[in-house]
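Numbering (the UniProt record's numbering), first residue to last: 1 to 354.
Glycine included, each C-beta is placed from N, C-alpha and C at the ideal position.
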């Protein structure tokens, strides 16, 4: 049937051939993330995963989804797209592992106004790398070309992860309580939260993303701010298998220490955190100085150098810290849990290093 004006989908701004070219480009990247339970090629209508093949006895599935937020704006303006896919994976798989779950598979959603195969391939290469680091399979996704919804060059990302944990291994444990020790695992930088404030500070500084970063000589500001979120999955799972001592974990995302630590604490228990124990990366000192941010704003907006909180019994603290160090993490002893019926759930002493 021939329409009167002979329009095509491409005339409307959607290029099916470009989408097919992208699928062909990324197939080797996806194949490289295969693991036990996932060995199908992409291109079907859904991704398959064989949970039985993983050997679980009494598994509980855990699911998480997230995006990268306005860190994408930095990637777009700096024209550096290779690492935001790692961030996308990290934000979901780190949320799974805090519940004791092993991430099994991941799916992504990439939306743009006009598909650039090169840009999308760079992003998805990062997603595949994040999956490789986390040990989960990239079993599918969706690329949506939506003219009129996004400005030229803009895109958005969403990610969806599913993991599994044996029923008796779910975290946090019920015996979390006063006297337990709080450890912190170092972050790789700002991770993927607070970038609306970061971008405001950059604007206020008068710098462009191509300029040298004041806190990282020899590195552009865009590159420094795009340092990907650290993925803690393999170290956490390894330490838990070795020690069995992890009582609770908290992924430090939006809300910083103030809002994330209480999420894994029982009622009437607070965490007393010694801020002087935190090794603060230079990026946070620059953000604080350039933005005129007080300490309360810093600890509720950013991770300030600690991307994962670990709660253990006092008797286990040293061996767990040693196990994390052996697994490649930088560990600090942040504080203790204490009984507190009515006060704030996160209490602070000491000061962040500037």
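Exercise. For residue 201, which residues from the same chain have a beta carbon less than 6 Å from its beta carbon, with the 5 sequence-adjacent residues on both sides left out?
Worked result: 287, 290 and 291
Problem set entry | Cross-strand partners of residue 45 (DSSP beta bridge) | Its beta-bridge partners do not exist; DSSP assigns none.
Exercise. Hey, would you say residue 277 sits closer than 9 Å to residue 225, going by beta carbons?
Worked result: no
For this session: Assign residue 230 to buried or exposed, taking buried as 16 or more other Cβ atoms, counted over all protein chains shown, within 10 Å of its Cβ.
Result: buried
Exercise. Fully enclosed by the region 236-277, which beta strand (DSSP E) runs are 3 residues long or longer?
Worked result: DSSP runs (the beta strand (DSSP E)) wholly in the region 236-277: 248-251 and 269-274.
Exercise. Rounded to the nearest angstrom, how far is the Cβ of residue 271 from that of residue 260, given a contact under 8 Å?
Worked result: About 10 Å; that fails the 8 Å criterion.
Exercise. Sorted by chain position, which residues of the same chain lie with C-beta nearer than 6 Å to residue 227's C-beta, five sequence neighbours on each side aside?
Worked result: 188 and 189
For this session: With a threshold of 16 other CB atoms inside 10 Å of the CB of residue 45, please say whether the residue is buried or exposed.
Result: exposed
Exercise. Which whole runs of the alpha helix (DSSP H) in the region 272-310 are 4 residues long or more, in chain order?
Worked result: 282-291 and 295-301
Exercise. Quick one: complete alpha helix (DSSP H) runs, 4+ long, within the UniProt domain "PurM-like N-terminal" (60-165)?
Worked result: 71-78, 84-97 and 117-134
For this session: Helix, strand or coil for residue 324, going by three-state DSSP, please let me know.
Result: Residue 324: helix per DSSP, three-state reduction.
Exercise. In its own chain, which residues sit with a C-beta less than 7 Å from the C-beta of residue 21, not counting the 5 before and 5 after it?
Worked result: 117
Problem set entry | Per-residue DSSP class, three states only, for residue 349 | strand
For this session: Let me know if residue 308 comes out buried or exposed under the rule of 16 or more other beta-carbons within 10 Å of its beta-carbon.
Result: buried
Problem set entry | Supposed close pair residue 352, residue 267 - CB separation, criterion 8 Å | Incorrect: roughly 28 Å between the Cβ atoms, too far for contact.
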